[in-house]
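Enquirer: The opening residue of the sequence shown carries number 1 in the UniProt record's numbering; numbering runs sequentially from there.
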Amino acid sequence: EPDIKKTSEEIDEDDGDDFLLEYQPIQEDPIKMLNCITSESQEVDEELPSIHHGNPITDRRSTFQAHLAPVVTPRQVKRVLEKLYENKKIASATHNIYAYRIYCEDKQTFLQDCEDDGETAAGGRLLHLMQILNVRNVLVVVSRWYGGILLGPDRFKHINNCARSVLVE
Numbered sequence: 001e002p003d004i005k006k007t008s009e010e011i012d013e014d015d016g017d018d019f020l021l022e023y024q025p026i027q028e029d030p031i032k033m034l035n036c037i038t039s040e041s042q043e044v045d046e047e048l049p050s051i052h053h054g055n056p057i058t059d060r061r062s063t064f065q066a067h068l069a070p071v072v073t074p075r076q077v078k079r080v081l082e083k084l085y086e087n088k089k090i091a092s093a094t095h096n097i098y099a100y101r102i103y104c105e106d107k108q109t110f111l112q113d114c115e116d117d118g119e120t121a122a123g124g125r126l127l128h129l130m131q132i133l134n135v136r137n138v139l140v141v142v143s144r145w146y147g148g149i150l151l152g153p154d155r156f157k158h159i160n161n162c163a164r165s166v167l168v169e
């Protein structure tokens, strides 16, 4: 399968959120990245968390929809992502942006990461929203189906509004 870089070529206007660029993940393939974190010694028969799908938002033919699942291990993050990508509609999205935060009780720290999936800086903004809302043990995926019209910075509002509404439900 050829590696196709998904991007909608949005022009990134400066809106003062440069500090979010530090959240850029290095890995290209999110599933491969999670393979590095998850070890085979973890429970293989872990129950797949339930996935909640938020209401879609459509603006200028682009559609955004958030998906949320409770997670407590990186393996669960990987399994939820794999389950979401089994859905042809979600798999066909131009971008599937995600972020997760898992609270490690023993270390009293967060294991957290994000992925842009070609939508520059969107994963970092999503993770930042989750930090502000102080959510823990949750994975949020926002799917964007690009409609052919550039939205500029409005796309970040839609991504975060989708995520916020699914988080507060």
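Where a beta carbon is used, it is the ideal one built from N, C-alpha and C, also for glycine.
Considering only C-alpha positions, which residue in the set Asn96, His128 and Arg101 is nearest to threonine 73?
Expert: Translated into the one-based positions of the sequence shown, residue 73 becomes position 73. The residue with the shortest Cα to Cα distance from threonine 73 is Arg101.
Enquirer: Quick check on this structure: which residue in Arg61, Leu111 and Ala69 has the alpha carbon closest to the alpha carbon of isoleucine 51?
Expert: Indexing the sequence shown from 1 puts residue 51 at position 51. Comparing Cα-Cα distances from isoleucine 51 to each of Arg61, Leu111 and Ala69, the minimum goes to Ala69.
Enquirer: How about the segment 90 to 99 and the segment 107 to 120: do they share at least three Cβ pairs that are nearer than 8 Å?
Expert: Judged by Cβ distances under 8 Å, the segment 90 to 99 makes contact with the segment 107 to 120, as three or more pairs qualify.
Enquirer: Okay, do the segment 79 to 94 and the segment 124 to 137 touch, 3+ Cβ pairs below 8 Å being the bar?
Expert: The segment 79 to 94 vs the segment 124 to 137: no contact.
Enquirer: Would you check if the distance between the CB atom of glutamate 105 and the CB atom of glutamine 76 is smaller than 8 Å?
Expert: Indexing the sequence shown from 1 puts residue 105 at position 105. Indexing the sequence shown from 1 puts residue 76 at position 76. Result no, Cβ atoms of glutamate 105 and glutamine 76 do not sit closer than 8 Å.
Enquirer: For proline 49, I'd like the list of residues in its chain whose CB is within less than 7 Å of its CB, leaving aside the five on either flank, ordered along the chain.
Expert: The residue given as residue 49 occupies position 49 in the sequence shown. The answer, listed in chain order, is Ala69, Pro70, Val71, Gln76 and Val80.
Enquirer: Pick helix, strand or coil for valine 142, following the three-state DSSP scheme.
Expert: Here residue 142 corresponds to residue number 142 of the sequence shown, with the count starting at 1. Strand.
Enquirer: Based on the DSSP output, what are the partners of histidine 53 in its beta bridges?
Expert: As a working mapping, residue 53 is identified with position 53 in the sequence shown. In the DSSP output, where bridge partners are listed per residue, histidine 53 has His67.
Enquirer: Arginine 61: buried (16+ other C-beta within 10 angstroms of its C-beta) or exposed?
Expert: What you label residue 61 is simply residue 61 of the sequence shown in a count that begins at 1. Exposed, because fewer than 16 other Cβ atoms sit within 10 Å of the Cβ of arginine 61.
Enquirer: Is the beta carbon of valine 141 closer than 8 Å to that of leucine 167?
Expert: Within the sequence shown, the letter at position 167 stands for residue 167. Within the sequence shown, the letter at position 141 stands for residue 141. Not in contact: leucine 167 and valine 141 (Cβ atoms no closer than 8 Å).
Enquirer: With respect to the alpha helix (DSSP H) encompassing leucine 127, which residues constitute its N-terminal and C-terminal limits?
Expert: Your numbering for residue 127 matches position 127 in the sequence shown. Unbroken alpha helix (DSSP H) run through leucine 127: 122 to 132.
Enquirer: From tyrosine 109 to asparagine 137, what does the alpha carbon distance come to, in whole angstroms?
Expert: Counted from its first residue, the sequence shown places residue 109 at position 109. Counted from its first residue, the sequence shown places residue 137 at position 137. The amino acid at residue 109 is misidentified as tyrosine; the sequence shows threonine. Threonine 109 and asparagine 137: Cα-Cα distance of roughly 12 Å.
Enquirer: When we look at the beta-carbon of arginine 155 and count the other beta-carbons within 10 Å, is it buried (16 or more) or exposed?
Expert: Stepping through the sequence shown from its first residue, residue 155 is reached at position 155. By the neighbour-count rule (16 or more Cβ atoms within 10 Å), arginine 155 is buried.
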